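Structure record follows, encoded as C-alpha cells.
There are 4 protein chains.
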Amino acid sequence: MKNVKPGDRVAIEPGVPCRHCNYCRSGSYNLCPDTVFAATPPHNGTLSKYYKTAADYCYPLPDHLSLEDGALCEPVAVAVQILKVGDVRPGHVVVVFGCGPIGLLVQQTAKAYAASRVIGIDISQKRLDMASKVLKCADGVFLPPSPATNEPDAQAEWCASIAEDIKQKFSLGEGPDVVIDASGAATSIQIGVNLCKKGGRYVQAGMGKENITFPITTVCIRDLTIRGSIRYTSGVYPMAVELVASGKVTPSKLITHRYKFEEAETAFEVVKKGGEDVLKVLIAGVE
Amino acid sequence: MKNVKPGDRVAIEPGVPCRHCNYCRSGSYNLCPDTVFAATPPHNGTLSKYYKTAADYCYPLPDHLSLEDGALCEPVAVAVQILKVGDVRPGHVVVVFGCGPIGLLVQQTAKAYAASRVIGIDISQKRLDMASKVLKCADGVFLPPSPATNEPDAQAEWCASIAEDIKQKFSLGEGPDVVIDASGAATSIQIGVNLCKKGGRYVQAGMGKENITFPITTVCIRDLTIRGSIRYTSGVYPMAVELVASGKVTPSKLITHRYKFEEAETAFEVVKKGGEDVLKVLIAGVE
Amino acid sequence: MKNVKPGDRVAIEPGVPCRHCNYCRSGSYNLCPDTVFAATPPHNGTLSKYYKTAADYCYPLPDHLSLEDGALCEPVAVAVQILKVGDVRPGHVVVVFGCGPIGLLVQQTAKAYAASRVIGIDISQKRLDMASKVLKCADGVFLPPSPATNEPDAQAEWCASIAEDIKQKFSLGEGPDVVIDASGAATSIQIGVNLCKKGGRYVQAGMGKENITFPITTVCIRDLTIRGSIRYTSGVYPMAVELVASGKVTPSKLITHRYKFEEAETAFEVVKKGGEDVLKVLIAGVE
Amino acid sequence: MKNVKPGDRVAIEPGVPCRHCNYCRSGSYNLCPDTVFAATPPHNGTLSKYYKTAADYCYPLPDHLSLEDGALCEPVAVAVQILKVGDVRPGHVVVVFGCGPIGLLVQQTAKAYAASRVIGIDISQKRLDMASKVLKCADGVFLPPSPATNEPDAQAEWCASIAEDIKQKFSLGEGPDVVIDASGAATSIQIGVNLCKKGGRYVQAGMGKENITFPITTVCIRDLTIRGSIRYTSGVYPMAVELVASGKVTPSKLITHRYKFEEAETAFEVVKKGGEDVLKVLIAGVE
Chain A
145 MKNVKPGDRV AIEPGVPCRH CNYCRSGSYN LCPDTVFAAT PPHNGTLSKY YKTAADYCYP
205 LPDHLSLEDG ALCEPVAVAV QILKVGDVRP GHVVVVFGCG PIGLLVQQTA KAYAASRVIG
265 IDISQKRLDM ASKVLKCADG VFLPPSPATN EPDAQAEWCA SIAEDIKQKF SLGEGPDVVI
325 DASGAATSIQ IGVNLCKKGG RYVQAGMGKE NITFPITTVC IRDLTIRGSI RYTSGVYPMA
385 VELVASGKVT PSKLITHRYK FEEAETAFEV VKKGGEDVLK VLIAGVE
Chain B
145 MKNVKPGDRV AIEPGVPCRH CNYCRSGSYN LCPDTVFAAT PPHNGTLSKY YKTAADYCYP
205 LPDHLSLEDG ALCEPVAVAV QILKVGDVRP GHVVVVFGCG PIGLLVQQTA KAYAASRVIG
265 IDISQKRLDM ASKVLKCADG VFLPPSPATN EPDAQAEWCA SIAEDIKQKF SLGEGPDVVI
325 DASGAATSIQ IGVNLCKKGG RYVQAGMGKE NITFPITTVC IRDLTIRGSI RYTSGVYPMA
385 VELVASGKVT PSKLITHRYK FEEAETAFEV VKKGGEDVLK VLIAGVE
Chain C
145 MKNVKPGDRV AIEPGVPCRH CNYCRSGSYN LCPDTVFAAT PPHNGTLSKY YKTAADYCYP
205 LPDHLSLEDG ALCEPVAVAV QILKVGDVRP GHVVVVFGCG PIGLLVQQTA KAYAASRVIG
265 IDISQKRLDM ASKVLKCADG VFLPPSPATN EPDAQAEWCA SIAEDIKQKF SLGEGPDVVI
325 DASGAATSIQ IGVNLCKKGG RYVQAGMGKE NITFPITTVC IRDLTIRGSI RYTSGVYPMA
385 VELVASGKVT PSKLITHRYK FEEAETAFEV VKKGGEDVLK VLIAGVE
Chain D
145 MKNVKPGDRV AIEPGVPCRH CNYCRSGSYN LCPDTVFAAT PPHNGTLSKY YKTAADYCYP
205 LPDHLSLEDG ALCEPVAVAV QILKVGDVRP GHVVVVFGCG PIGLLVQQTA KAYAASRVIG
265 IDISQKRLDM ASKVLKCADG VFLPPSPATN EPDAQAEWCA SIAEDIKQKF SLGEGPDVVI
325 DASGAATSIQ IGVNLCKKGG RYVQAGMGKE NITFPITTVC IRDLTIRGSI RYTSGVYPMA
385 VELVASGKVT PSKLITHRYK FEEAETAFEV VKKGGEDVLK VLIAGVE
C-alpha cells in the first residue's frame, strides 16, 4: 500500500478487477468478468459506515476538495473514459447527445481538453440551459423537434434530415470529429451516426433499448468508427480527481438534491422518478 | 513519373483523389469527395482500349503475373483494406461472414497475415467448400440455419443464440478478436456483433440494407469497436500485388467465367443474375 | 480553390509537397522529398511583395488577428506538431528543455492541451522568467548547473544525476510522461532521456550536433519511445491558427524586434547574433 | 486457476508482476518495478525440481510439443515482443542486426508475420548461414566490414556510408520500414538508425554499452521512432507458444548444446565463454 495511508480522504473507484485474466493483464480491466463492482449484484454497494476495498483503487483527495467533490469524481471518471474512447483531441468539434449529468460532464471535460467547439443536444430546454448558461460548457445547444413518425424507415430518413439541420445550424461543414451519445435514445443514435464526419468517431455511452434501427451502410461507406464506453480504465480516476481539483470540471454544480444517510430510500425514489430537475442526488456520509 | 515507364504492365487502382482536400492531405484519400473513380458516375469505367490515369495509381506487375492476376489485384486490395481497418494481427482469431469473392480473399489474406484461426460463414455449402477445400483458407466453416422469425426483437434474440452456437462449435472462448462482415445480410450483422469478444473489432464491409436492427447496447457494454471499410488507402495496392505475386493469395482461383471484350454485356448479365456458381467474371482485354 | 478567396488575409504554411509520393499519399507530407519549402534552397523565401503558393496551404485569419499574429502561426504550428508527435494528452506531466521561441510555445500549447504540469528548463534565467512570469506557461522552471566535465562517460553520469535532481525538486515520481527537447544541446538530451518515466516519450525537436553521446541502454530497458519532429502535418496549421485566435497561445509576446522591409538585412544580423534577449524578430510587410 | 490443471506441461513466463501498480493496471506489466523475475536477484531462478509461480503466467503446451520446445518459448516470446514494439506489419521490409538466438528468432517471426523481406546482418558468416541456409528466415544477409576508425565522428560517417551500401545492395529504396538491433554493438546502432526509411521505426533490443555515439539529428529530421523492447507483455507468450506449435518458428534448431541437470555449471561456463558456435544451451530437467 504505497499510495494511501490511514486517515486519507479518498475517491473510491467502485470496481476492483481480478488482476489475473487477459483483460486485466492487457490494461482493459473494465472488461474483467470477475470484477467486484459496488452495488452490482451479488456485490453490495457503499451505503455503509465502513467499506473495504483495494488500496490502489482509492485516490487521495487534495485538501481543498470536499467529500462531496470526492463522491462526484465517479461521474467525472465516466466522462473521462468516454473522451478517452472517443479519442477527443485539441481542436476537435464534439457533439454530445444528452445533457443529463454524464452528458454535461462530457461537455465540460471536452472543453477542458481544448476541444474547438462543443454542441449539446437534449429535448429539455432546462438541461440545455445547464449546458450553455450554468456550466457554460456548450458553445451551442440544439433542441430537436419530435419525430414525425415511428415507422422505422421513415424515421431513419427523418433522423438523417435532422443531422443535416444540425450541420447547417452550427456550420459544421463535413460534420463533427466526434459524436457522443449520452442519451441512449434511438433517434439520437440515428441522428448522431448520420452527423459524424467521414472517418469520424461515434461513442455509445448512454444505454436505452437493446436493439435499435441503425444506419449500418452509412458506417461502411463513410468509414466511421463506432465505439462503446463502459466503466473506467487505468489513469481515468486520477484524471477525474485532477479535473475536479483544478476547477475545470465542476460536478458539484449538478447536485440538485441532498439527503442524510437515514433518508437514503427517499433519495433513491427521487432518482427513480427522475425528471428534468433531477441531476445528481447525494446521500451524505458522516463527516 | 518515377514508378512506371511506357510499356509496363500494371495493376490500376481505380480511384484517383483530388490530392488537395483534408482527407487527401491526412492520408484518408479513400474519403475524398472529388475522387475520379472508374465506373462511378459521372466517370466512365475502364472498358476501353486505352485508359488514362495517374501514374502513381498504377502498380507494375512482376513478370510472372498475368494480366488476369493484375486485374484481380482489385478485390485483393479491398480485402487488404478490410484487414487494415480490422487491425488483424498475428495470432488473431477471425470470423468472416460471407464467402463470396471478397469474403474468401479476406480469409486468404488473414491466413497470410498469420491469423491463428479463420472461420468462414455462408448460407451456401458450395461457397463454404470453396473456403475450406479449394482455397483452404478457412480453418472451419459454418452454415447457419434459417432464422426462425422475422419479428425484429425475436430475430435479434435468435441471432444472439446463433452467436453462442458458433462460439461453442469452434471453442472460441470469449469470442473472436475480429469479426468481418462481407455479406451485408442483416442477420449476419446481428450475429457478428454478438459474436465479438469484449473489446474486439467488427468490420462492416458488405453492403445490404441501409438500416438494420442493431444491438447497440451490446456495443456499449462490451466495449466493441465497429468500423466501416471503403475503398483503399496508401500502401494497400502494393500489398495486394505482393500477396498475389507471392502466391499467398490466389484470386485467379475465383474466376468462374471469362468473356471476350465483345461479350461484355453478357458478362454483366451473368454478374447481375448472380448465384452461388458465379464468383469472379473476367472480361479479357487485348493482350 | 474552396477554402480561400481573393483578398483573404491568410497564414501561409511554408512547404507545399509533391502530393504524389508515398509520403504524401499516406499523410506524412512533412517527409516528401520534393516539397517546395520557402527559403530552403533552391527555393526562395517569402521576402517579396507577392508570393505564389497553393491555396490549400493558406489558412484564412479571423478578423481580430493581425498579420503579425498570422506570421507567428508558423512557430506555433511547429509546437503543435511537436505535441502531436509527443502524443501529449490531458493530465500529462511535460518537461521542456529550451525556453527559446519554440520551447516557450510548446509549453503554452501543452497547457492549452490540459497537461497537468509543465516544467521549463533553460540555462538563461531571463528565458525561464519568460516561461514562468510572462507567458505563465510553466508550472515550474529549472536552471541546470554547468556540467562538471566534458569526458563523455563522466558527463553522462552527471546528466543522469541532474535528471534525478529534477525528479526530486518537482516531485515527479517515476518521471514525466513526455520530455521534449527544444534546445538541441547534448547535455539536455542526455538529461532528458534519463528523466523520462518508464514507457514514456521523448521528442527531439531542437537541432544541435549531428552525433552525441546517448544512453541507448536506458531507452531499451525503460521501454522508451524516442521521436523526431520535423515540419508540420495535416491539421496542424488550422490548430495553430485556432490556438492564436482563441488567445490560448500568444506568440506576439515573443516579439523582441520589429524591422521594416527595407531593414531586412539588419533583422537577419540580429537573429544570427542571437542572445537571450532575442526571441522573435519580425520583418513587417506592407499592410 | 482457470487456464491450467495439475499435471499440465507448461511454458513458464519468468516474471510475475505486482498487479497493483500503474504499469500493471495499464497493461505495461513488463515495467512493473516489483516483478518477481526468475534468476534476477534477489529472486532465484528455475534450476530446481519444483518451481512455484502464478497460474496465469503458465501456458499449457500442445501435446506434440516437447518440454525443450516449451523451454524455448522464452526467447521466442522475446522476439514476439520486439516485433510488437516494432509494429512489424505484413509487407514490411525488416532489417535485423545480430544473428544470435534472438536476432534469428526475430527474423523467423517476421517472416511468419508476412514481412515482405527480411535482411540479417552479423559479423559472423556462420551465423549468417544460420539465417539464410538453416532457418531460411533471411531473404538476404550482410557481413559488414570492420570499421576503418574509432574516432567518433569519423566512425559515424563510416556507419552512414555502410547504411548506404546496404540500401544499394538490397535495393531498399528509401530504406527498410523497421530496423531491429539485436546486437547491442555501437556501430550496428549507428548504421541501423541511418538505414531506417524516413518515418520508420528502429527497435533497440540488444544491450551493449550504456552510452554510445548516436545520430540524434537524423532521428529529428527523418521523423524516426526509436523504441526500446524489454521483457514481454500481455498476449506475447501465447503467441510464442502458437508460433512454435505451428512450426512457423523453430527455436529447437538453435540448440547447440545439451546438459544434464548435474552439469549445469558446465552449461553456464559454455554460455559465458560464448562464440559463434554457441547458440542455445539447454539444461534438461527430469522428464
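Going down the list, the sequences are from chains A, B, C and D. Heads up: the first sequence begins at 145 in my numbering, then just goes up one per residue. Heads up: the second sequence begins at 145 in my numbering, then just goes up one per residue. Heads up: the third sequence begins at 145 in my numbering, then just goes up one per residue. Heads up: the fourth sequence begins at 145 in my numbering, then just goes up one per residue. C-beta: ideal position from N, C-alpha, C; glycine also. All values reported here derive from a predicted model rather than from experimental measurement.
Taking every protein chain shown into account, the CB of C:Val237 has 16 or more other CB atoms within 10 angstroms, so this residue is buried. For the pair D:Ile263 and D:Val250, the Cα-to-Cα distance works out to about 11 Å.
For A:Pro382, the number of other beta carbons within 10 angstroms of its own is at least 16, and it is reported as buried.
The residue among A:Ala326, A:Asp297, A:Phe314 and A:Gly317 with its C-alpha nearest the C-alpha of B:Glu354 is A:Asp297. Along the stretch 295-357 of chain D, the beta strand (DSSP E) occurs as fully enclosed runs of 3 or more residues at 322-325 and 345-348, listed in sequence order. Look at the beta carbons and you see the stretch 265-277 of chain A touching the stretch 241-248 of chain A: at least three pairs across the two are nearer than 8 Å. Excluding sequence positions up to five before and after C:Lys404, its CB lies within less than 8 Å of the CB of Ile427 and Ala428, all in the same chain and listed in chain order. Using a CB distance cut-off of 9 Å, A:Cys168 counts as an interface residue toward chain D. Here D:Ser305 is exposed: its Cβ has fewer than 16 other Cβ atoms, across all protein chains shown, within 10 Å. In the DSSP assignment, B:His401 forms a beta bridge with B:Val425. The shortest C-alpha to C-alpha distance from D:Cys303 to any of D:Arg261, D:Thr331 and D:Tyr195 is the one to D:Thr331.
B:Asp367 and B:Gly328 have their C-alpha atoms spaced approximately 22 Å apart. Within chain A, the residues Pro234 and Gly235 have their CB atoms less than 7 Å from the CB of C:Met383, given in chain order. The shortest C-alpha to C-alpha distance from A:Val363 to any of B:Lys280, B:Gly379 and B:Tyr346 is the one to B:Tyr346. A direct Cα-Cα distance of roughly 12 Å separates D:Lys397 from D:Lys277. Of the residues C:Ile267, C:Arg153 and C:Asp200, the one whose Cα lies closest to the Cα of C:Ala215 is C:Arg153. In this structure, the beta-carbon distance from D:Arg371 to D:Asn174 does not fall below 9 Å.
Residue-level contact check: C:Leu316 does not touch chain D, since none of the beta carbons of chain D fall below 9 Å from its beta carbon. For the pair C:Val160 and C:Val180, the CB atoms are nearer than the 9 Å cut-off.
Closer than 9 Å to the CB of D:Ser260 there is at least one CB belonging to chain B. DSSP places B:Ala408 within a helical segment (H, G or I) once states are collapsed to three.
For a cut-off of 8 Å, the C-beta gap from C:Ser170 to B:Gly379 is around 7 Å, short enough to register as a contact. The beta carbon of C:Asp421 is closer than 8 Å to those of Lys270 and Thr400 in its chain, skipping five residues each way along the sequence.
Taking the CA atoms as reference points, A:Ala326 sits about 27 Å from A:Pro186. Sixteen is the threshold: since fewer than 16 other Cβ atoms of the shown chains lie within 10 Å of the Cβ of A:Ser315, the residue is exposed. For B:Lys255, the closest alpha carbon among the candidates D:Pro234, D:Ile265 and D:Leu248 is that of D:Pro234. Boundaries of the alpha helix (DSSP H) harbouring D:Gly247: Pro245 to Ala256, taken from the DSSP string. Contact annotation for C:Asp152 against chain B: no contact, minimum CB-CB distance about 17 Å [criterion: below 8 Å].
Under DSSP, the beta-bridge partners assigned to B:Val237 are B:Arg261. The beta carbon of B:Tyr167 is closer than 7 Å to those of Tyr173, Leu175 and Cys176 in its chain, skipping five residues each way along the sequence.
Nearest C-alpha to D:Thr394 among D:Lys280, D:Pro289 and D:Gly352: D:Lys280. When only Cα atoms are considered, C:Thr357 and B:Ala384 end up about 43 Å apart. Within the stretch 188-219 of chain A, the complete beta strand (DSSP E) runs of at least 3 residues fall at 202-204.
Look at C:Thr377: its C-beta is under 9 Å from a C-beta on chain B. A:Arg371 carries a strand assignment under DSSP once its states are collapsed to helix, strand and coil.
Taken through DSSP and simplified to helix, strand or coil, B:Val180 comes out as strand.
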